[in-house]
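Here's the structure, in structure tokens; my notes come after.
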Amino acid sequence: MNYALTHVTVIDATGAAPKPGQTILIRDGRIAAVGADVPIPEDVDVVDLTGKHVIPGLADMHVHLEDMPGDVLKLFLAAGVTTVREMAGLPFHHEWRSKIGSGLMQGPRMTIGSKIIDGSPTLWTQMPAPFWVEVADPGQARAQVRLAAEEGADFIKVYSRLSRESYFAIVDEAGKAGLPYAGHIPDAVPITEAVAAGQRSFEHVHALFAALSRNDAALLQAQADLKTEGPDHYTSWLREIYETDWLGANTVDPYKADRVFQSLIGGDAYFTPTLVVHEAVDQPAIVSVRDPDLKYLPQDRPALWEYITQTMFASGRQAQEGAERRLLFQRRLEIVKVMDQAGVPLLAGSDTSPLTVPGFGLHREMELMAAAGIPPMRVLQAATRNAARFLGTLADLGTVEEGKLADLVVLDGDPLADIGNVRRVHSVVYGGRLITPDDRRRMLEEVEQAARRPVA
Numbered sequence: 001m002n003y004a005l006t007h008v009t010v011i012d013a014t015g016a017a018p019k020p021g022q023t024i025l026i027r028d029g030r031i032a033a034v035g036a037d038v039p040i041p042e043d044v045d046v047v048d049l050t051g052k053h054v055i056p057g058l059a060d061m062h063v064h065l066e067d068m069p070g071d072v073l074k075l076f077l078a079a080g081v082t083t084v085r086e087m088a089g090l091p092f093h094h095e096w097r098s099k100i101g102s103g104l105m106q107g108p109r110m111t112i113g114s115k116i117i118d119g120s121p122t123l124w125t126q127m128p129a130p131f132w133v134e135v136a137d138p139g140q141a142r143a144q145v146r147l148a149a150e151e152g153a154d155f156i157k158v159y160s161r162l163s164r165e166s167y168f169a170i171v172d173e174a175g176k177a178g179l180p181y182a183g184h185i186p187d188a189v190p191i192t193e194a195v196a197a198g199q200r201s202f203e204h205v206h207a208l209f210a211a212l213s214r215n216d217a218a219l220l221q222a223q224a225d226l227k228t229e230g231p232d233h234y235t236s237w238l239r240e241i242y243e244t245d246w247l248g249a250n251t252v253d254p255y256k257a258d259r260v261f262q263s264l265i266g267g268d269a270y271f272t273p274t275l276v277v278h279e280a281v282d283q284p285a286i287v288s289v290r291d292p293d294l295k296y297l298p299q300d301r302p303a304l305w306e307y308i309t310q311t312m313f314a315s316g317r318q319a320q321e322g323a324e325r326r327l328l329f330q331r332r333l334e335i336v337k338v339m340d341q342a343g344v345p346l347l348a349g350s351d352t353s354p355l356t357v358p359g360f361g362l363h364r365e366m367e368l369m370a371a372a373g374i375p376p377m378r379v380l381q382a383a384t385r386n387a388a389r390f391l392g393t394l395a396d397l398g399t400v401e402e403g404k405l406a407d408l409v410v411l412d413g414d415p416l417a418d419i420g421n422v423r424r425v426h427s428v429v430y431g432g433r434l435i436t437p438d439d440r441r442r443m444l445e446e447v448e449q450a451a452r453r454p455v456a
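Written as structure tokens, this is what we have:
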């Protein structure tokens, strides 16, 4: 179908001021024209959007769908998320992408990473192995890069516990395969070295503060020397990395921080803060098993949320540490604001996983970025233009401009007045196909019904 969206305010995410009273003409899946005086051909369906705002389709640049049923992909579209970056790719993700492309499934555009490549011992000791691999030496690391290339990964996902030797083996082998690599700041490799090596994006604010501290040498060495212990290495690591994060966050040297941020800019490296997951780790009491959006997820999810927040995050946490953690979260917000002010290109990612709901988690991430003090336009750009630039799709996506693919979100409120208005999704255009309010309601009902099925 071809459409004319009329009487709408366009926020094109280029940085230009909002344009009220616009018509967006959509033909053959693309934006044929945008303007106040666009002629409306007789063969198009006219959709009057008086009082509405249009933004580009949103991109969630950090998702994990390893344990999610395919039904939840509809949640992304219902939330206005038309692009996702899967950070731990499995064969069924590639099957989903193929089915979405052929129209057999409803879901967003997908960029798919390799399995998580972690060092030895891995942080994932208590998790099933399908989505991660453990490499003990450079030879194993190279083999996993070659395997990921054979499996069709779009990029290599690097993780926290990689040794220096294994990390740089991945760098070399990924270069031979023509694959970019992205992921955590490795504990054993300072962020500036990883930038210089060519890492394309850095995920989370874990392990960042050590490099920004006036005590950077000591804290970076402490980070490299971390020893995960006990049956649950991830819980152990979260406690240990907290120590260096806390010490570093309270000794930030603005000159050293600026050098780190300028290295990111010079290396064309992007940063994905995933503040929404830090909110949960640092302040587990805010995670509610009564979140109304949980009705869209499998029935085991509330119990999983409770286990993660109470066992991995809150267990054994004394009052003083709880107070420090709350303050540390504020430090994370502050440093992300400083990064934005310095010009570091930011991406918006929800870490969609056990603790966030697909699609809606990105809305919360955008709210937290705004709470950090980032202007709403730049928050919007982190989830649109910056994502497209990072993925190399800016010629087709990321802004509302003539000639681009018609991935659009129609909102009932102005996101520049309040970024929380990204939650007020009226309708969505995906690849030129209009998802009306009724379509969107049906999609949500279908996902909710599927979630009621007994967990296998």
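Going by UniProt numbering, the first residue of the sequence shown is number 1, and it counts up by one from there.
Backbone N, C-alpha and C fix where the C-beta goes; we use that ideal spot for every residue, glycine too.
Margin query: For the alpha helix (DSSP H) containing Met377, name the first residue and the last one.
Written below: In the DSSP assignment, Met377 falls within the unbroken alpha helix (DSSP H) covering Pro376 to Ala382.
Item checked: Cβ contact check for the segment 316-331 and the segment 286-304: 3 or more pairs under 8 angstroms -> Too few Cβ pairs lie closer than 8 angstroms, so no.
Contact the segment 145-165 vs the segment 263-277: 3+ CB pairs below 8 angstroms: no
Reduced DSSP secondary structure (H/G/I, E/B, other) of Met68
Met68 falls in the coil class under three-state DSSP.
Next on the checklist: So for Glu402, helix, strand or coil by DSSP?
Outcome noted: Reduced to three states, the DSSP call for Glu402 is coil.
Item to complete: Note down the Cα distance separating Thr235 from Gly373, rounded to an integer number of angstroms.
Response: 30 angstroms
(message) So for Leu391, helix, strand or coil by DSSP?
(response) helix
Where does the unbroken beta strand (DSSP E) through Ile24 begin, and where does it stop?
Its beta strand (DSSP E) spans residues Lys19 to Arg27.
_Runs of alpha helix (DSSP H) lying entirely within the segment 207-242, each at least 4 residues, in chain order_ = 209-212 and 216-224
Kindly indicate which residue of Gln299, Ala153, Gly349 and Pro254 has the alpha-carbon position closest to the one of Ala450.
Gln299
>> Pop quiz: Ala141 and Ile117 are said to be a contact at Cβ under 8 angstroms. What is the actual Cβ separation, rounded to whole angstroms?
In response: 7 angstroms
Taking 7 angstroms as the cut-off, decide whether the C-beta atoms of Val260 and Ala211 are in contact. yes
* If Arg331 sits next to Ala257, beta carbons under 8 angstroms apart, how far is it from one beta carbon to the other, in whole angstroms? -> Not really, about 12 angstroms apart at Cβ, beyond 8 angstroms.
Taking the beta carbon of Arg452 as the centre, do at least 16 other beta carbons fall within 10 Å, making it buried, or is it exposed?
exposed
Exercise for review: Starting from His53, follow its DSSP beta bridges and name the residues at the other end.
Suggested key: Thr9 and Leu411
- For the putative contact between Val276 and Ser350, defined by C-beta atoms under 8 angstroms, what is the C-beta separation to the nearest angstrom? Indeed they touch by this definition, with Cβ atoms about 5 angstroms apart.
| task | Could you tell me the boundaries of the alpha helix (DSSP H) in which Trp305 lies? | result | For Trp305, the enclosing alpha helix (DSSP H) stretches over residues Arg301 to Tyr307.
(Q) For Tyr181, count the other beta carbons within 10 Å of its own beta carbon; 16 or more makes it buried, fewer makes it exposed. Which is it? (A) buried
Exercise for the section: Can you tell me which of the three DSSP states residue 530 falls into? Expected result: The displayed coordinates of the chain run from 1 to 456. Any statement about residue 530 would go beyond what the structure contains.
Exercise. Taking only the alpha-carbon atoms, compute the straight-line gap between Val171 and Leu416 and give it to the nearest angstrom.
Key: 40 angstroms
**Message:** If I measure Cβ to Cβ from Gln262 and keep anything under 8 angstroms in the same chain, skipping five residues before and after, which residues do I get?
**Reply:** Ala342
- prompt: Between which two residues does the beta strand (DSSP E) carrying residue 471 extend?
  reply: Nothing can be reported for residue 471, as the shown portion of the chain is limited to 1 through 456.
- Item | Option nearest residue 468 by Cα separation, candidates Leu179, Leu147, Gly175 and Ala207 | Residue 468 lies beyond the residue range present for the chain, which begins at 1 and ends at 456; the question has no answer from this structure.
Using a Cβ-Cβ cut-off of 8 angstroms (strictly less than) and excluding sequence neighbours within five positions of Glu448, which residues of its own chain qualify?
Lys295 and Tyr296
(Q) According to DSSP, simplified to helix, strand and coil, what is Val171? (A) Three-state DSSP puts Val171 in a helix.
Is the CB-CB distance between Val379 and Ala387 below 7 angstroms? Val379 places its beta carbon 7 angstroms or farther from that of Ala387.
- Message: Would you call the segment 77-94 in contact with the segment 121-128, where contact means no fewer than 3 C-beta pairs closer than 8 angstroms?
- Response: no
For His93, name the three-state secondary structure that DSSP assigns.
helix
What residues match up with Glu124 in a beta bridge as DSSP calls it? Before going further, note that residue 124 is Trp rather than Glu in the sequence given. Looking at the DSSP assignment, Trp124 forms no beta bridge with any residue, so it has no partner.
Do you know whose CA, among Ala395, Pro454 and His363, lies nearest Phe76's CA?
His363
*Have a look at Gly198, Gly359, Leu238 and Pro121 and flag the residue whose alpha-carbon is nearest the alpha-carbon of Ala280.*
Ranking Gly198, Gly359, Leu238 and Pro121 by CA distance to the CA of Ala280 puts Leu238 first.
If distances are taken between C-alpha atoms only, which option among Val46, Glu445 and Ala88 comes closest to Glu203? Ala88
Handout entry: Pick from Val44, Ser288, Gly198 and Gly21 that is closest to Val54, judged by C-alpha positions
Key = Gly21
Q | Secondary structure of Gly198, DSSP reduced to three states | A | In the structure shown, Gly198 falls within a coil segment according to DSSP collapsed to helix, strand and coil.
Q. Is Tyr307 near Thr82, with beta carbons less than 7 angstroms apart?
A. no
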